[in-house]
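Report on one structure; see the data block that follows.
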Amino acid sequence: MISLTSRASDKLKEIIAGQQQRDLALRVYVTPGGCSGFSYGMTFAESVEEGDSVVDHEGVRVVVDPMSAMYLKGAEIDFVDALMGGGFALRNPNAVSTCGCGQSFKTGDQSGTAKACHH
């Protein structure tokens, strides 16, 4: 299953605290497409769907649908502070290559070459 670093957990708690609804979970998902074959996505979820995997990390619930879970097993979300702003970074041990933008990846099961990055 997917995990969060303490930095990511702290930042997510800060973001959730500023929302109207406090009982939100972080939904992490994978969709076909993007420069390298698959794209990552994150959103806040108010509910958990049947079949979803749920992990609680330091008070932050992370929800992953069954299809995405196959591609995110062992992945870790971190929050990176940088001079020009910060953001969430996903480290995925299942990705054999990642687009330069970090939002798209390719697994060992995919053939062909990555397309040009448009991010």
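Residue numbering for the sequence shown follows my numbering, starting at 229 and increasing by one per position.
Don't be surprised by glycine CBs; every beta carbon is placed ideally from N, CA and C.
Look at D238 here: in three-state DSSP terms it is helix. Between the C-alpha atoms of P321 and G287 there is a straight-line separation of about 25 Å. Relative to I230, the option among V258, A273, A297, G313 whose CA is nearest is A297.
In the structure shown, P321 adopts coil according to DSSP, grouped into three states.
Only residues of its own chain outside the window of five on either side were considered, and among them I305, D306, F307, F316 have a CB closer than 7 Å to the CB of A236, listed in chain order.
Taking a 10 Å sphere around the C-beta of K241, we find fewer than 16 other C-beta atoms and assign the residue as exposed.
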